[in-house]
Each structure stands twice: as structure tokens, then as C-alpha cells.
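Line by line, the protein sequences give chains A and B. If you're matching positions, the first sequence starts at 0 in numbering that gives the first Met the number 0 and goes up one per residue. If you're matching positions, the second sequence starts at 0 in numbering that gives the first Met the number 0 and goes up one per residue. Down below is the structure, laid out as C-alpha cells.
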Amino acid sequence: MYASTQFFWRFTESSLDFMNSELFTLTYGALVTQLCKDYENDEEVNKQLDKILFAHALPVFPLGYNIGVRLIEDFLARSSVGRCQDFRETADVIAKVAFKMYLGITPSVTNWSPAGDEFSLILESNPLVDFVELPDNHSTLVYSNLLCGVLRGALEMVQMAVDVKFAQDSLRGDNVTEIRMKFIKRIEENLPAGDE
Amino acid sequence: MADDVLFEFLHMEMVSHIYKEQASRGEMDKDRATCVSALEGMGFRVGQGLIERFTKDSPSFKDDLDIMKFICKDFWINVFRKQIDNLRTNHQGTYVLQDNKFSLLTQLSSGKQYLEEAPKYLAYSCGLVRGALSNLGMDCVVTAEVSPMPSCKFQVVIQKI
Chain A
0 MYASTQFFWR FTESSLDFMN SELFTLTYGA LVTQLCKDYE NDEEVNKQLD
50 KILFAHALPV FPLGYNIGVR LIEDFLARSS VGRCQDFRET ADVIAKVAFK
100 MYLGITPSVT NWSPAGDEFS LILESNPLVD FVELPDNHST LVYSNLLCGV
150 LRGALEMVQM AVDVKFAQDS LRGDNVTEIR MKFIKRIEEN LPAGDE
Chain B
0 MADDVLFEFL HMEMVSHIYK EQASRGEMDK DRATCVSALE GMGFRVGQGL
50 IERFTKDSPS FKDDLDIMKF ICKDFWINVF RKQIDNLRTN HQGTYVLQDN
100 KFSLLTQLSS GKQYLEEAPK YLAYSCGLVR GALSNLGMDC VVTAEVSPMP
150 SCKFQVVIQK I
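Next comes the structure, spelled out in C-alpha cells:
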């Protein structure tokens, strides 16, 4: 009645990589689509992807942030970067090591503020938006907002409070995608991390 | 080229988000089914897309068994980084795919702990398989069962028209 079969296989290196990256990209797309269905407006979706604190704190479920606080551990375990001396070093590690490791791209670090507390990451290409087009009724959706949450969550785990947002978005018509990162302060005490 | 771990983290967050969402809306009774079907639906769309991209240059498959072998080998390797350990069929439209170390469950537990939570983490994958098969011309129902973790069996039942 039931027959059991075992297999051997062969596959090429390139086809393995090809499909893996698409799995993440397509899954992210399905998630954003689901969020757009669940919430009435793009603002709400943008919030869910990142996490923004408001004085009247409606409960928000911080997707990007939660991923960030875990991803940092994976990153520290797999890369061999030590403690960064200053924000400039942090910027370089983010662009040249972290982005390369997880998304296979190396954004450039530019537009430093005179005080050295703010910079931009310029992404020539954004893997999250392969195959994606924003429909007209979602023009305010910050599709890749997850990235902002991830960066904030990860840096908070290494005692840095930062503000991260998209300054330019190729999905919404700009030439490049620009993420603006601003150092707010060093987190001194051991605050319990995670959701409210 | 996105790293494997990104998908795993994203998947964990998605499951957690969908369930928290339902809990906060206070509809506790129908929430389980809705959550599972939301995750399964997402997996379905992604499975369809993935299989399209992956097989656009390959020759067509000879028959259903050929398709299932493809799912067990190439598809599973690409999505879950290993192949299916065991495939069984009754040659009448039912297939059971056994994965002894399912990548989305290895982080959860390696035994009986959290057994009741496992279905949440399998819904998306069931959808992936169903979506992939659907675009290959096979309409089916995909369910999964675990025992003990991280081993699980996906059951594919082809729907006769």
C-alpha cells in the first residue's frame, strides 16, 4: 500500500542562493500585504513594521524592532567585530559588515552632520523591493520600514538609542533609497528590553 | 542575496504578530482558525511565486510523482536547506513527506515540549507547499503533524475534480 523512496540529488550553488533570497523577499511582501489588509491606513502599517512610541501609547506590535533585538546576537556571534569606539565606526560596521552579511549589499555612508551624530546610508538597490510596485492607493506606505525597526532594535541591545527613518525611497520615485540614522544617546542603565 | 537567518526571524515575528493581533482584538474563539488560515494564505501566495521563478527554465514534469520528488529535493533544499528525509505514497493521490529536522522547528524544541504551539509554526510552510503544487497544476490539501519535534510530516492529498 505505502511505498517508501529515498533520494540523492544534485543542485548548483547559484540556484540555491537564488531561491533563498527570494523566499525572504516574497515572504516580506506577503507580510506587508497582510498588514495592509489588517489596518485601515498606511500610517498604521508603517508603525507596525517599525514601532513608534507615542505619549498615549496605543499597543503596537513592533515587528522590525523584535527582529533587531535578536538579530544583533546572531550578528555578534558570526562576525568578529569588537566594540565600536564611536558612531563613525558603528556606521562602517553597519554598512560594510551587517548589510553585506544579511542582505548581500553594501550601502555607502555619507552626509555626516557636523556634530558627527547623524549620517545617511545610501542603498543603490534594496533587496526587499525586488518585484515590488506600490499601488497608487498606498503611496505613503514605507514598504521597507522593517529595516528601520531592525536597526533600532539591534543598536539598542548594544546600548545605543538611535532614530532611524527613510529619507528617500526608490519605491516611491526617488533615485536611491536613503536611510537616515541619528544618534540620540548612550543607554546607561540595564533597561528591560522588548515590548511595552 | 538575503541570508537564511533573516527568513527564520521574519517567520517567527510573523507568527507572533498574527497571534498577538488576534488576541488584542479580543475574538478568542475563532482566533486559532483565522490565524492559521492567514499564515497559510500568505504561504500559499509566496509558494506560487517561488515555484514560478524556480521552474521557469526547467522542462515540464512527467507526472505527479515526478512533481513530488522535485518538491522533496530541489524545492525543500532551497527553502528549508535540506531535502525531505522520506517520501511515502499510496499511489492514489496521497503523499507523506517526512522531515526529521524541520528547520523552522529546530529552534523551538527537540521533544515533546511546546507540542501544542507547533501548528502555528507549520501553517506558513503548509501554505508554501500548497502554493507551489497549485502552480504546478496539482490542487491539494496540505496538513502537517509533529511528533516529536523537530521532526514533522506533511501530508499532501490531491483533490480530485
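Ideal Cβ placement from N, Cα and C applies to all residues, glycine included.
Anyone know if the C-beta pair for B/Glu39 and B/Cys151 falls short of 8 Å? What you label residue 39 of chain B is simply residue 40 of the second sequence in a count that begins at 1. What you label residue 151 of chain B is simply residue 152 of the second sequence in a count that begins at 1. B/Cys151 sits away from B/Glu39, with the two beta carbons spaced by 8 Å or more.
Going by beta carbon distance, what residues of the same chain come within less than 7 Å of A/Val92, once the five residues before and after it are set aside? Here residue 92 of chain A corresponds to residue number 93 of the first sequence, with the count starting at 1. Cβ within range, chain order: Val80 and Cys83.
Can you pull the chain B residues whose beta carbon is under 7 Å from the beta carbon of A/Arg69, in chain order? Residue 69 of chain A sits at position 70 when you count from the first residue of the first sequence. Per Cβ cutoff of 7 Å: Phe8.
Kindly give me the distance between the Cβ atoms of A/Gly152 and A/Gly63, rounded to whole angstroms, as I take these residues to be in contact under 8 Å. One-based indexing of the first sequence puts residue 152 of chain A at position 153. One-based indexing of the first sequence puts residue 63 of chain A at position 64. Yes, A/Gly152 and A/Gly63 are in contact; Cβ-Cβ is about 7 Å, under 8 Å.
Counting only Cβ pairs nearer than 9 Å, list the residues of chain B close to A/Glu88. As a working note, residue 88 of chain A is residue 89 in the first sequence. Here the premise fails: no neighbours, minimum Cβ distance about 22 Å.
Short CB-CB distance (under 8 Å) between A/Ile183 and chain B: Residue mapping note: residue 183 of chain A aligns to position 184 of the first sequence, counting from 1. For A/Ile183, the answer is no, since every Cβ of chain B falls outside 8 Å of its Cβ.
Per-residue contacts from B/Leu49 into chain A (C-beta, under 8 Å): Here residue 49 of chain B corresponds to residue number 50 of the second sequence, with the count starting at 1. Within 8 Å Cβ-Cβ: Met18, Glu21, Leu22 and Leu25.
Within chain A, partners of B/Val5 - CB distance below 7 Å: Taking the second sequence and counting its residues from 1, the one referred to as residue 5 of chain B is at position 6. A small correction: the amino acid at residue 5 of chain B is Leu; Val does not occupy that position in the sequence shown. What B/Leu5 touches in chain A: Phe23 and Tyr101.
Quick check on the burial criterion: 16 or more other C-beta atoms within 10 angstroms. Buried or exposed for B/Lys68? Reading the second sequence from its first residue, position 69 is the one you call residue 68 of chain B. Classification of B/Lys68: buried, given that the 10 Å Cβ count is 16 or more.
Tell me which same chain residues have a C-beta within less than 6 Å of the C-beta of B/Met11, skipping the five on either side of it? Locating residue 11 of chain B in the second sequence gives position 12, where the first residue counts as 1. Counting only residues of its own chain and dropping the five nearest sequence neighbours on each side, B/Met11 has no CB closer than 6 Å to any other CB.
Just to make sure I have the definition right: I need the residues of chain B whose C-beta is within less than 7 Å of the C-beta of A/Asp116. Which are they? Translated into positions along the first sequence, residue 116 of chain A becomes position 117. Those within 7 Å of A/Asp116 in chain B number zero; the least Cβ separation is about 28 Å.
Cutoff 7 Å; reference A/Leu102; Cβ partners in own chain excluding five residues on either side: For the purposes of this step, residue 102 of chain A is taken as the residue at position 103 of the first sequence. Only residues of its own chain outside the window of five on either side were considered, and among them Pro126 have a CB closer than 7 Å to the CB of A/Leu102, listed in chain order.
Alpha carbon to alpha carbon, how far is B/Ile17 from B/Ala37? Sequence index remark: in the second sequence, residue 17 of chain B carries index 18 (1-based). Sequence index remark: in the second sequence, residue 37 of chain B carries index 38 (1-based). Taking the straight line from one Cα to the other gives about 8 Å.
Is the Cβ of A/Gln33 closer than 8 Å to any Cβ of chain B? Translated into the one-based positions of the first sequence, residue 33 of chain A becomes position 34. At least one chain B Cβ lies under 8 Å of A/Gln33.
With DSSP as the reference, please indicate the residues paired to B/Asp98 in a beta bridge. Along the second sequence, read from residue 1 onward, the residue named residue 98 of chain B stands at position 99. Under DSSP, B/Asp98 forms a beta bridge with B/Cys151.
Look up B/Gln47 in the DSSP assignment and say whether it is helix, strand or coil. By 1-based counting over the second sequence, the position of residue 47 of chain B is 48. Helix.
If we ignore side chains and look at the alpha-carbon of each, how far apart do A/Phe118 and A/Phe98 end up? If you number the first sequence from 1, residue 118 of chain A lands on position 119. If you number the first sequence from 1, residue 98 of chain A lands on position 99. The straight-line gap from Cα to Cα measures roughly 16 Å.
Report all residues from its chain with a CB closer than 7 Å to the CB of A/Asp162; omit the five preceding and five following residues, and keep chain order. The residue given as residue 162 of chain A occupies position 163 in the first sequence. Taken in chain order, the residues that qualify are Lys181 and Ile183.
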